[in-house]
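J.: In the working numbering, the protein residues as written are 2 to 116.
First the structure, then my questions, so here it is.
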Amino acid sequence: MELQDKRQTYLNIQHTVHALCHEGGLNLQRTYCQQSTRDLANIFEVAKKRHPYLNRFRNNWATVELVKQYLANRRKHTRMLKQLLTSEVDDPTGSGGEDPTDDASGEIPINPGLR
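This is the structure:
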(Lines of atoms letter the chains of each structure in order from A and count residues from 1; the text may use other names and numbers.)
(Lines give C-alpha, C1' and ligand atoms only; values in the text may rest on other atoms or scores of the structure.)
Protein backbone atom coordinates (compact mmCIF):
# COMPACT_ATOMS: atom_id res chain seq x y z
CA MET A 1 0.00 0.00 0.00
CA GLU A 2 3.07 2.21 -0.28
CA LEU A 3 2.99 3.05 3.43
CA GLN A 4 6.41 1.76 4.47
CA ASP A 5 7.30 5.10 6.10
CA LYS A 6 3.81 5.77 7.47
CA ARG A 7 3.20 2.95 9.91
CA GLN A 8 0.58 4.82 11.94
CA THR A 9 -1.47 5.57 8.81
CA TYR A 10 -1.37 1.89 7.87
CA LEU A 11 -2.39 0.83 11.40
CA ASN A 12 -5.28 3.31 11.39
CA ILE A 13 -6.56 1.96 8.07
CA GLN A 14 -6.14 -1.61 9.31
CA HIS A 15 -8.05 -0.83 12.51
CA THR A 16 -10.88 0.78 10.53
CA VAL A 17 -11.16 -2.21 8.18
CA HIS A 18 -11.23 -4.64 11.12
CA ALA A 19 -13.96 -2.62 12.84
CA LEU A 20 -15.95 -2.45 9.60
CA CYS A 21 -15.82 -6.24 9.29
CA HIS A 22 -17.71 -6.39 12.59
CA GLU A 23 -20.01 -3.43 11.90
CA GLY A 24 -20.71 -4.66 8.38
CA GLY A 25 -22.02 -7.96 9.65
CA LEU A 26 -19.41 -10.23 8.10
CA ASN A 27 -19.40 -13.80 9.35
CA LEU A 28 -15.90 -13.98 10.81
CA GLN A 29 -15.85 -17.77 10.57
CA ARG A 30 -16.28 -17.78 6.80
CA THR A 31 -13.78 -17.03 4.06
CA TYR A 32 -13.76 -13.86 2.02
CA CYS A 33 -15.40 -15.63 -0.95
CA GLN A 34 -18.26 -16.82 1.28
CA GLN A 35 -19.19 -13.27 2.36
CA SER A 36 -22.06 -11.28 0.89
CA THR A 37 -20.93 -9.12 -2.03
CA ARG A 38 -23.22 -6.35 -0.81
CA ASP A 39 -21.66 -6.40 2.68
CA LEU A 40 -18.16 -6.30 1.22
CA ALA A 41 -19.05 -3.43 -1.13
CA ASN A 42 -20.42 -1.46 1.81
CA ILE A 43 -17.21 -2.02 3.75
CA PHE A 44 -15.12 -0.83 0.80
CA GLU A 45 -17.18 2.34 0.41
CA VAL A 46 -17.12 3.26 4.08
CA ALA A 47 -13.40 2.52 4.30
CA LYS A 48 -12.74 4.87 1.36
CA LYS A 49 -14.85 7.60 2.96
CA ARG A 50 -12.99 7.30 6.26
CA HIS A 51 -9.58 6.98 4.59
CA PRO A 52 -9.48 8.76 1.19
CA TYR A 53 -6.00 7.28 0.73
CA LEU A 54 -7.75 4.01 -0.24
CA ASN A 55 -9.29 5.63 -3.34
CA ARG A 56 -5.99 5.19 -5.18
CA PHE A 57 -6.25 1.40 -5.28
CA ARG A 58 -8.02 -0.07 -8.30
CA ASN A 59 -10.83 -2.50 -7.48
CA ASN A 60 -10.24 -1.92 -3.74
CA TRP A 61 -7.39 -4.45 -3.82
CA ALA A 62 -5.72 -3.09 -0.68
CA THR A 63 -8.92 -3.22 1.37
CA VAL A 64 -9.71 -6.67 -0.05
CA GLU A 65 -6.35 -7.96 1.17
CA LEU A 66 -6.84 -6.45 4.64
CA VAL A 67 -10.27 -8.08 4.92
CA LYS A 68 -8.98 -11.46 3.67
CA GLN A 69 -6.10 -11.44 6.14
CA TYR A 70 -8.33 -10.41 9.03
CA LEU A 71 -10.86 -13.15 8.30
CA ALA A 72 -8.12 -15.77 8.00
CA ASN A 73 -6.53 -14.65 11.27
CA ARG A 74 -9.87 -14.72 13.09
CA ARG A 75 -10.63 -18.25 11.87
CA LYS A 76 -7.17 -19.43 12.89
CA HIS A 77 -7.49 -17.79 16.31
CA THR A 78 -10.88 -19.44 16.87
CA ARG A 79 -9.48 -22.86 15.88
CA MET A 80 -6.57 -22.45 18.29
CA LEU A 81 -8.90 -21.46 21.13
CA LYS A 82 -11.12 -24.48 20.48
CA GLN A 83 -8.08 -26.79 20.51
CA LEU A 84 -6.83 -25.23 23.74
CA LEU A 85 -10.23 -25.51 25.42
CA THR A 86 -10.68 -29.11 24.30
CA SER A 87 -7.25 -30.08 25.54
CA GLU A 88 -8.00 -28.50 28.94
CA VAL A 89 -11.30 -30.38 29.16
CA ASP A 90 -9.60 -33.66 28.24
CA ASP A 91 -6.71 -33.04 30.67
CA PRO A 92 -7.66 -30.47 33.33
CA THR A 93 -4.33 -30.87 35.16
CA GLY A 94 -2.35 -29.81 32.12
CA SER A 95 0.08 -32.64 32.77
CA GLY A 96 -0.25 -34.14 29.33
CA GLY A 97 -2.01 -37.18 30.73
CA GLU A 98 0.82 -38.03 33.13
CA ASP A 99 0.25 -38.39 36.84
CA PRO A 100 2.51 -35.82 38.58
CA THR A 101 2.88 -38.18 41.56
CA ASP A 102 3.99 -41.05 39.35
CA ASP A 103 7.52 -41.37 40.68
CA ALA A 104 9.13 -43.81 43.11
CA SER A 105 8.40 -41.77 46.25
CA GLY A 106 4.80 -40.92 45.37
CA GLU A 107 5.52 -37.23 46.06
CA ILE A 108 4.91 -34.39 43.66
CA PRO A 109 8.29 -33.14 42.40
CA ILE A 110 9.05 -29.52 43.30
CA ASN A 111 10.55 -27.16 40.78
CA PRO A 112 13.92 -26.10 42.26
CA GLY A 113 13.48 -22.62 40.83
CA LEU A 114 10.50 -22.02 43.12
CA ARG A 115 12.42 -22.46 46.38
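All C-beta atoms in this analysis are idealised placements derived from N, C-alpha and C, irrespective of residue type, glycine included.
Quick caveat: nothing in here was measured; it's all calculated off a predicted structure.
Candidates K50, A73, R57 and Q9: which alpha carbon is nearest T32's?
T.: One-based indexing of the sequence shown puts residue 32 at position 31. Of the candidates K50, A73, R57 and Q9, the one whose C-alpha sits nearest the C-alpha of T32 is A73.
J.: Can you say whether A1 is buried or exposed, counting buried as having 16 or more other CB atoms within 10 angstroms of its CB?
T.: Because the chain here runs from 2 to 116, residue 1 falls outside it and cannot be looked at.
J.: I'd like the list of long-range same chain contacts for R75, defined as Cβ closer than 7 Å, with 5 residues on each side in sequence excluded.
T.: To locate residue 75, count along the sequence shown from 1; it is residue 74. For R75, where only same-chain residues beyond five positions count, the Cβ hits under 7 Å are L29.
J.: Return the CA-CA distance between V65 and H16, expressed in angstroms with no decimal places.
T.: Residue 65 sits at position 64 when you count from the first residue of the sequence shown. Residue 16 sits at position 15 when you count from the first residue of the sequence shown. Roughly 14 Å between the two C-alpha positions.
J.: Can you tell me which of K83, T79, Q84 and R51 puts its alpha carbon nearest to the alpha carbon of Y11?
T.: Numbered from its first residue, the sequence shown carries residue 11 at position 10. Checking every option, the nearest Cα to that of Y11 belongs to R51.
J.: If we count the other Cβ atoms within 10 Å of its Cβ and call it buried at 16 or more, is D6 buried or exposed?
T.: As a position in the sequence shown, residue 6 is number 5, starting the count at 1. Looking at its Cβ environment, which holds fewer than 16 other Cβ atoms inside 10 Å, D6 is exposed.
J.: Between which two residues does the alpha helix (DSSP H) carrying D40 extend?
T.: Within the sequence shown, residue 40 is the residue found at index 39, counting from 1. Run containing D40: T38 to R51, per the alpha helix (DSSP H) assignment.
J.: Give the C-beta separation of L55 and I14 to the nearest angstrom, bearing in mind that I take them to be a contact with Cβ-Cβ under 8 Å.
T.: For the purposes of this step, residue 55 is taken as residue 54 along the sequence shown, with counting starting at 1. For the purposes of this step, residue 14 is taken as residue 13 along the sequence shown, with counting starting at 1. Sure, about 7 Å apart at Cβ, within 8 Å.
J.: With DSSP run on the structure shown, which of helix, strand or coil describes T32?
T.: The count along the sequence shown starts at 1 and reaches residue 32 at position 31. In the structure shown, T32 sits in coil (DSSP, three-state: anything other than H, G, I, E or B).
J.: Under a three-way DSSP split, which group does K69 fall into?
T.: Taking the first residue of the sequence shown as 1, we reach residue 69 at position 68. In this structure, K69 counts as helix in the three-state DSSP scheme.
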